[in-house]
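In the order they appear, the protein sequences are chains A and B. Letter 40 of the first sequence, counting from 1, is numbered 216 in my numbering, and no numbers are missing. Letter 141 of the second sequence, counting from 1, is numbered 176 in my numbering, and no numbers are missing. Below is one structure, written out as structure tokens, with a few remarks after it.
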Amino acid sequence: MFKFEKLAFGDLGWGDEFLFATLMTITVSILSMGLGLCLAIITVWAKLITNRITRFIANFYTTVVRGVPELLVIYLIFFGGNSVVMGVSKIFGYNGYIELNALTIGTIAIAFISATYSSEVIRAAYLAVNKGQVEAAKALGLNKFQIFLRVMGPQIIRHALPGIGNVWQITLKDTSLISVTGLVEIMRQTRIASNVEHSPLTFLITAAFLYLLLTTFSGKLFKVLELNYSKGYS
Amino acid sequence: MQNLIAYLNQSLLFRNFIEVIAGLDNTLILLVISLPIGFIFSLIFALGRVSNYNIISKTVASYIFVIRGTPLLVQIYLIYFGLGSIEFIRESFLWYLLKEPFWCGVLALTINTVAYGSEIFRGGIQSVTKGQIESGLSLGFNKFALLRKIIFPIALRKVLPSYGNELILMVKATSLVSLTTYMEMTGIARKIMAKTFAPVEAFIAAGILYLFLNFLMVQFVKYLEWKYNPHLRVSQS
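Pasting the structure below:
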């Protein structure tokens, strides 16, 4: 059943492999969360400015990506991404073969998915900030940049943090799907190890435990951040 | 007209579409079995979660914690590969069910949706104000009638939007069962891709079908909301 000795560090067990796989999962999650947040900010901007075309594009993007399984999005970007990149490079006059590595593709795919969720969170947070505050800031003579940095920004972060925490958990769990691209993160390492050792239960329970550890720990971290950003309110 | 049909027959996307639709029933049957069972168990687990007995509520809470903290893929693999590797289960009658990827998928999806659903229903049950329960008690309702006539109707009505979200997540989650060799829409799309080397057409065909399924699900939830919130309807006059 559960074989502890298979999880030893060094040549005898898979402990160090799993440690690296966990680090890879964390790296992919953080990278795609960051990229996703940038994409989400652009999406929110496109939805909030009074331009019909950008709003349509942004709404189309969020609706489609949220209505399609994550696995399909990852397959589409993994198998279709290379041809898109090659097509774009052809326009710029490069005709060679380009292959993106699994880390890049996985990060982009997960970022595409997580951006749709975070854009809703950020949009709601933006709309939750009272209009009167912007007017007050204008009356005090702050310029646009200052208003965003000093008045809007901190409050958007405060309103968005609980939702962003949820999106982070979803993103962290979605990274298990990019094991289908061959990137060695926890799930891929689990499949490799259980195929070699013929003991799937051991490694699957290890994987579940590692994911539980990551989600719990990062959840605690977000709680601390939330407390920090709502100091003046409690 | 005949030109159109000839054109459609030549287009790869259309042919993929026809092939992927053949997997629609496999996707639907996963949902048809796991969603109702998941709904009933979610209600029971939500009651356990708010129960006064510490043991019950703690057990349910830790179940929810574990399932919500791990990816669905891990759960599906644990059931499909993990349970199959235990000698005891391979010899018992359970093996007749668990050797099929279909029943493993149903089991994993049900376990997953119960964890999320019961947490949603808990919020609904706790949002029923004390006064409503007390007035029910003062009218002589017993515990069962109180649940059936007062707590559940109020709670379910309140959580319909968030449970609708969970239903959509479940439609999307069925695609993961394809990783256990079960041939539903995503599985067929991947097979087409391996055959034709045209990934974009294959996955877009499947994506359109999933979008359509989710659209139907949204309309269904909207209908339920309309039906069970008569006090919120915009009056016709």
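Glycine residues also receive a C-beta, built at the ideal position from the N, C-alpha and C atoms. Since the model is a prediction, treat every value here as computed from it, not as a measurement.
Just the Cα atoms here: how many angstroms apart are residue i and residue j?
i: N76(B); j: F385(A); result: Here residue 76(B) is Phe; the residue named in the question, Asn, does not match the sequence. Their backbone Cα atoms lie some 25 angstroms apart in a straight line.
i: D275(B); j: V67(B); result: Outside the modelled stretch of chain B, which goes from 36 to 272, sits residue 275(B), for which no answer is possible.
i: V55(B); j: K230(B); result: 13 angstroms
i: L70(B); j: V149(B); result: 9 angstroms
i: I124(B); j: F137(B); result: 17 angstroms
i: S352(A); j: Y273(A); result: 29 angstroms
i: R334(A); j: H374(A); result: 48 angstroms
i: A224(B); j: N404(A); result: 47 angstroms
i: L316(A); j: K399(A); result: 34 angstroms
Can you check whether the C-beta of residue i is within less than 8 angstroms of a C-beta belonging to chain A?
i: F80(B); result: no
i: G117(B); result: yes
i: V109(B); result: yes
i: L246(B); result: yes
i: N51(B); result: no
i: M36(B); result: no
i: S31(B); result: There is simply no residue 31(B) to check, as chain B begins at 36 and stops at 272 in what is shown.
i: S210(B); result: yes
Taking the CB atoms as reference points, tell me whether residue i and residue j lie closer together than 8 angstroms.
i: I99(B); j: L211(B); result: no
i: G58(B); j: E219(B); result: yes
i: L248(A); j: G242(B); result: yes
i: V241(A); j: L246(B); result: no
i: V261(A); j: I354(A); result: no
i: L113(B); j: L183(A); result: no
i: N51(B); j: I227(B); result: yes
i: S92(B); j: G104(B); result: no
i: T326(B); j: G140(B); result: Look at the range of chain B in this structure, 36 to 272, and you will see that residue 326(B) is not part of it.
i: L107(B); j: A143(B); result: yes
i: Y302(A); j: I340(A); result: no
i: G358(A); j: A234(A); result: no
i: A190(B); j: F156(B); result: yes
i: Y263(B); j: R192(B); result: yes
i: T347(A); j: S259(A); result: no
i: T62(B); j: T164(B); result: no
i: Y251(A); j: P265(B); result: no
i: L195(B); j: E260(B); result: yes
Please state whether DSSP places residue i in a helix, a strand or coil.
i: M358(A); result: According to the sequence as given, residue 358(A) is Gly; it is not Met. Correct three-state label for G358(A): coil.
i: I114(B); result: helix
i: A233(B); result: coil
i: D192(A); result: helix
i: T351(A); result: helix
i: A96(B); result: helix
i: N235(A); result: helix
i: Y198(B); result: helix
i: R364(A); result: helix
i: T249(B); result: The residue asked about is misnamed: residue 249(B) is Asn in this sequence, not Thr. The answer is helix: DSSP assigns N249(B) an H, G or I state.
i: F137(B); result: helix
i: L174(B); result: coil
i: K179(A); result: coil
i: A184(A); result: coil
For residue i, I'd like the list of residues in its chain whose CB is within less than 7 angstroms of its CB, leaving aside the five on either flank, ordered along the chain.
i: T155(A); result: Any answer about residue 155(A) is impossible in this case: the structure gives chain A only from 177 up to 410.
i: P376(A); result: S370
i: S295(A); result: A216, T219, V220, T238
Among residues of its own chain, excluding the 5 on either side of residue i, which ones have a beta-carbon nearer than 6 angstroms to its beta-carbon?
i: G199(B); result: V256
i: Y409(A); result: none
i: T378(A); result: F178, K179, K182
i: G171(B); result: L181, I185
i: A304(A); result: H335
Check whether chain B comes within 8 angstroms of residue i, counting only Cβ atoms and requiring the distance to be less than that.
i: V264(A); result: no
i: T391(A); result: yes
i: S370(A); result: yes
i: G243(A); result: yes
i: P349(A); result: The sequence shown places Lys at residue 349(A), rather than the Pro named in the question. So, interface residue.
i: Y273(A); result: no
i: G191(A); result: no
i: Y237(A); result: no
Within the same chain, show all residues whose beta-carbon is closer than 8 angstroms to that of residue i, passing over the 5 residues directly before and after it, in chain order.
i: V310(A); result: I323, V327, M328
i: K207(B); result: Y245, N249
i: I202(A); result: L390
i: L224(A); result: R299, Y302
i: K314(A); result: I323
i: F162(A); result: This structure cannot speak to residue 162(A), because chain A is shown only from 177 to 410.
i: K134(B); result: G119
Which residues of chain D have a Cβ atom closer than 8 angstroms to the Cβ of residue i, listed in chain order?
i: F255(B); result: The question asks about chain D, but that chain is absent: this structure's protein chains are A and B.
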